[in-house]
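Report on the following structure.
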Amino acid sequence: MKLKKQVTVCGAAIFCVAVFSLYLMLDRVQHDPTRHQSGGNFPRSQISVLQNRIEQLEQLLEENHEIISHIKDSVLELTAHAEGPPALPHHKPNGSWVLPPESRPSFLSVSPQDCQFALGGKGQSPDLQMLAVYSLLPFDNQDGGVWKQGFDITYEPSEWDAEPLQVFVVPHSHNDPGWIKTFDKYYYDQTQHILNSMVLKMQEDPRRRFIWSEISFFSKWWDNISAQKRAAVRRLVGNGQLEMVTGGWVMPDEANSHYFAMIDQLIEGHQWLEKNIGVTPRSGWAVDPFGHSSTMPYLLKRSNLTGMLIQRVHYAIKKHFAATQNLEFMWRQTWDPDTSTDIFCHMMPFYSYDVPHTCGPDPKICCQFDFKRLPGGRINCPWKVPPRAITDANVAERAQLLLDQYRKKSKLYRSKVLLVPLGDDFRYDKPQEWDAQFLNYQRIFDFLNSQPNLHVQAQFGTLSDYFDALYKKVGIVPGMKLPGFPVLSGDFFSYADREDHYWTGYYTSRPFYKSLDRVLEAHLRGAEILYSLALAHARRAGADGRYPLSDYALLSNARRNLGLFQHHDAITGTAKEAVAVDYGVRLLHSLTNLKRVIINAAHYLVLGDKDTYHHDPAAPFLGTDDTRPSQDSLPERTVLRMDTSPRFLVVFNPLEQERLSVVPVLVDSPHVRVLSEEGQPLPSQLSARWSSATDTVPDIYQVSVLARLPALGLRVLQLHKSVDGHAMLKSSVRLYLHGRDLPVRKQEAVPVHVFPAAADDFCLENQHLHACFSGRSGLLQSIRRAGEEREQRVSCEFLVYGTRTSKDKSGAYLFLPDGEAKPYTPKDPPVVRVTEGPLFSEVTSYYQHVQTVVRLYNVPGVEGLSLDLSCLVDIRDHINKELALDSSSEAAAAGQLLPHARHGLHPGRAEPPDAAHSPGPGGLQPRQR
1 MKLKKQVTVC
11 GAAIFCVAVF
21 SLYLMLDRVQ
31 HDPTRHQSGG
41 NFPRSQISVL
51 QNRIEQLEQL
61 LEENHEIISH
71 IKDSVLELTA
81 HAEGPPALPH
91 HKPNGSWVLP
101 PESRPSFLSV
111 SPQDCQFALG
121 GKGQSPDLQM
131 LAVYSLLPFD
141 NQDGGVWKQG
151 FDITYEPSEW
161 DAEPLQVFVV
171 PHSHNDPGWI
181 KTFDKYYYDQ
191 TQHILNSMVL
201 KMQEDPRRRF
211 IWSEISFFSK
221 WWDNISAQKR
231 AAVRRLVGNG
241 QLEMVTGGWV
251 MPDEANSHYF
261 AMIDQLIEGH
271 QWLEKNIGVT
281 PRSGWAVDPF
291 GHSSTMPYLL
301 KRSNLTGMLI
311 QRVHYAIKKH
321 FAATQNLEFM
331 WRQTWDPDTS
341 TDIFCHMMPF
351 YSYDVPHTCG
361 PDPKICCQFD
371 FKRLPGGRIN
381 CPWKVPPRAI
391 TDANVAERAQ
401 LLLDQYRKKS
411 KLYRSKVLLV
421 PLGDDFRYDK
431 PQEWDAQFLN
441 YQRIFDFLNS
451 QPNLHVQAQF
461 GTLSDYFDAL
471 YKKVGIVPGM
481 KLPGFPVLSG
491 DFFSYADRED
501 HYWTGYYTSR
511 PFYKSLDRVL
521 EAHLRGAEIL
531 YSLALAHARR
541 AGADGRYPLS
551 DYALLSNARR
561 NLGLFQHHDA
571 ITGTAKEAVA
581 VDYGVRLLHS
591 LTNLKRVIIN
601 AAHYLVLGDK
611 DTYHHDPAAP
621 FLGTDDTRPS
631 QDSLPERTVL
641 RMDTSPRFLV
651 VFNPLEQERL
661 SVVPVLVDSP
671 HVRVLSEEGQ
681 PLPSQLSARW
691 SSATDTVPDI
701 YQVSVLARLP
711 ALGLRVLQLH
721 KSVDGHAMLK
731 SSVRLYLHGR
741 DLPVRKQEAV
751 PVHVFPAAAD
761 DFCLENQHLH
771 ACFSGRSGLL
781 QSIRRAGEER
791 EQRVSCEFLV
801 YGTRTSKDKS
811 GAYLFLPDGE
821 AKPYTPKDPP
831 VVRVTEGPLF
841 SEVTSYYQHV
851 QTVVRLYNVP
861 GVEGLSLDLS
871 CLVDIRDHIN
881 KELALDSSSE
891 AAAAGQLLPH
901 ARHGLHPGRA
911 EPPDAAHSPG
921 PGGLQPRQR
């Protein structure tokens, strides 16, 4: 009624304004002096003007009438929707549940053609498309001589007579923020010494250069150094001796990381650099991620970087690109119709980024120019030929030997500018190594540069020094498209460094922490939104003095811990056990803090009277929906204790769109009414809470509420204890024991029907989907969309991979199975539980080592358009075994797109059958037979 009054008053006001405008216009005409002068005889022009004005007023009145009619219709529609309780789900004669029609659409319709934009670009085709390149290569791994994975390289000495070779040697130290040691242990043992020595040694000679990429380490060091040392760092950056490359918080993994977290760690690093040093990175440096995604060049390009370098690419790709001089290219996104996403990329050609594999094709020779390996040191050359210190007596011979490698390496590229990295993991941690590397190389450079007949100019440089020289050669501005270089689209997965050692094991290593990463990521996004809304509201109301502004520090710390976990030895699961635990503790600590931020912001925003807000950290106004006792525990959901007073549930939607969702909550009573904030009953489904395949948890129930949540907004739901269980719709359960003699513990409030034998095949359906399941396995068999007659057959089965009996086995990094996967054969058949209800139905299958849940939501909107599949796995009693869920379908066999679990910006295609052996980036993926 209040809404009707408001709209009626508004409409009346519009009408009054229109009438008053007409009155003023007519009055103005009536008092026109020319009218009196003419004695009432209007000139023809005046009459025409008056007639036009009257016509305009008539048109205005007509438009106002239409507006008021629309408002009236809207009021009637809203009143009809608001008056009385909303319609509730009801049973059809066949026993299935039906929801009442929605008063407004729950989602925008999407044309199937809209999803094909990334596959059918209308721009110029790239010179190199990686799917096509992979299909051409034999992957035969032939012995290439001194360059085992390549080929012999020859040249004529006169090739550089017209244009000398320009060599940039780029000193670097790759610092993993956790791997064998924890982040803090690495910092205190090595990283701080590297950076302290860097400041001293770089100032000894202005010709020296150094690059650094991991801002997580750099910021920790910065917080512990003096103002004088900070000023020295700024001078080194300012004069070009020290370059911050990429500038992310870490050097992220590119297969498992979600693009949100990749962007977030990049922003965190760039903002730190801007605030503390006043610099913006220009070039990207990624020498250690295990394969490279095409998402990363897009992010770097959008961050205004103009060049990038990658290293870990399949050795067969490197060999092919080296043979065709395609190791440098413009990397373009597959959907880009022009050149807006192009970024220049340099691919390192050899096995590794260490010194033996960066100066040229022969590691036996290159190792002799790693002066940390001089005799008497802790490490030596595996090829049994040690380095020799450079003296006047041997400089000519040593320089010629090194120049030969430089020339051979340059033959793999199209320009006469050569990049030679000089470093390895945690290098330059002692002053002696700085002296050994820089002094000996400078003697070589001085000799080479003093010999005009050698046609070479060698020097230390940064990564951007190299790219700038390359652009200068062709006379264009850095960042523009380089003429004469190919355009490439695609990515560089999967990576193999030798033989058939595919680095695909890390796609699924330590999946628990991969999941915790996503949980933290979602909470961070929600906390940032709520904190921003609450703070803006508090400042506008002048109450920011009472709001906990210290929550911003918790947000910042969470961003950094999330960013740290994107490191290519963290989210990948390839770090040592103690290091993985350290990451887990950091993630849990930030998750707990983010819940505090969310509680504080939601508390402020839901209050009607903001003056009553009082922040008490010891007694938070709201509780969390779940808790985690330790870093390696699954979440424990909170149970609401119902009594005579209502309980309130605050639900937040962090999406930018309104959302119709099923909100689950645990309660200790089956007699619950759920009301909206206005007191209207909401559709709810009561389900049992199960502790095992056949046991329900006593006195705990799940209430699932259908609620419409505003975009970026909060909604408050009321839960009342009701003696008669008013408006509570119960789910029903069918439990199939497959001949197993198992005791079943039920709850009286939720009907459970036990069947000793296996079930026949059965189906579940909603308004969008019809899904059928195997009665014996409980796994999906077919799907049919509404309006389609033909079913899509789906085959799902669990498979087990063993590992090889040879020295090299499957592990955190590698996937080296002992052959084709074998069917999973548990000792007992599964217990299958079928739950059906008005808001959702699900099939739960309990196997010996895995529990699967396939859920179908019976709601309008996005959630009702798909099946939700989850697996809870425990294979701790298996040694060197991997459990896989194999899904194949008729759509996959036809070559249509499969819903790959990729986390970048690109859809995945069904892999060709010979590639089915290897899991894809990002976790569980459908696998082709």
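For the sequence shown, UniProt numbering assigns the number 1 to the initial residue and increments by one for each residue that follows. Even glycine gets a Cβ: it sits at the ideal position worked out from N, Cα and C.
DSSP, read as helix, strand or coil, puts Lys746 in coil. Separation of Ser550 and Arg876 (C-alpha to C-alpha, rounded to the nearest whole angstrom) is 42 Å. Taking all protein chains in view, the Cβ of Asn224 is surrounded by fewer than 16 other Cβ atoms within 10 Å, so the residue is classified as exposed. Beta-bridge analysis with DSSP links Asp253 to no other residue.
Only exposed fits Ile879, as fewer than 16 other CB atoms lie within 10 angstroms of its CB.
In this structure, Val663 keeps its C-beta atom at 9 Å or more from the C-beta atom of Met642. In summary, Asn766 is buried, with 16 or more beta-carbon neighbours lying within 10 Å of its beta-carbon over all protein chains present.
Using a C-beta cut-off of 8 Å, the region 743-762 makes no contact with the region 845-862, since fewer than three inter-stretch Cβ pairs fall below that distance. Looking at Tyr187, Ser889 and Glu842, the one whose alpha-carbon comes closest to that of Gln792 is Ser889. Secondary structure at Ile476: coil, using DSSP grouped into helix, strand and coil. Exclusion of the five residues before and after Arg804 leaves Ser810, Leu816, Pro817 and Asp818 as the residues of its chain whose Cβ lies within less than 8 Å of its Cβ. Less than 9 Å divides the Cβ of Leu737 from the Cβ of Ala757. Pairing Ser732 with Glu788, the inter-Cα distance amounts to about 29 Å.
Taken through DSSP and simplified to helix, strand or coil, Gln59 comes out as helix.
Counted as a single uninterrupted DSSP element, the alpha helix (DSSP H) harbouring Met262 occupies residues Tyr259 to Asn276.
Leu885 sits in a strand when the DSSP states are folded into three classes. Cys345 is bridged by DSSP to Met308 and Phe329. In the DSSP assignment, Phe210 is bridged to Leu242. DSSP lists Val672 as the beta-bridge partner residues of Lys721. As far as DSSP is concerned, Arg414 takes part in no beta bridge.
Its chain contains Gly247, Gly248, Trp249, Gly269, Trp272 and Leu273 as the residues whose beta carbon lies nearer than 7 Å to that of Ile215, once the 5 sequence neighbours on both sides are disregarded; these appear in chain order.
In the assembly as shown, His614 is an exposed residue. Its beta-carbon has fewer than 16 other beta-carbons within 10 Å. Rounded to whole angstroms, the Cβ separation of Ile317 and Val133 is 7 Å, and the two are in contact under 8 Å. Short of 6 Å from the beta carbon of His501, and not among the five residues preceding or following it, lie these beta carbons of its own chain, in chain order: Leu814.
Beta-bridge analysis with DSSP links Ala496 to Tyr502. For Trp285, no alpha helix (DSSP H) segment is defined; the enclosing uninterrupted segment is the beta strand (DSSP E) at Ser283 to Ala286. Taking all protein chains shown into account, Glu397 has fewer than 16 neighbouring C-beta atoms within 10 Å of its C-beta and is therefore exposed.
Considered as a whole, the region 370-431 harbours 417-425 as its complete beta strand (DSSP E) runs of no fewer than 3 residues, in chain order. With respect to the 9 Å criterion, His720 and Leu675 are classified as neighbours on the basis of their beta carbons.
Taking the Cα of Ala821 as reference, the smallest distance to any Cα among Pro829, Ala261, Phe798 and Asp808 is reached at Phe798. Look at the beta carbons and you see the region 417-435 touching the region 347-354: at least three pairs across the two are nearer than 8 Å. DSSP places Asp517 in the uninterrupted alpha helix (DSSP H) bounded by Pro511 to Arg540.
In the DSSP annotation of this structure, the continuous segment of the beta strand (DSSP E) that includes Ile700 starts and ends at Thr696 to Leu709. Annotated as distal: Leu554 and Arg525, with beta-carbon spacing of 9 Å or more. Taking a C-beta distance under 9 Å as the contact criterion, His523 and Pro252 do not qualify as a contact pair. Here the region 507-519 makes contact with the region 255-265; the two share three or more CB pairs at distances below 8 Å.
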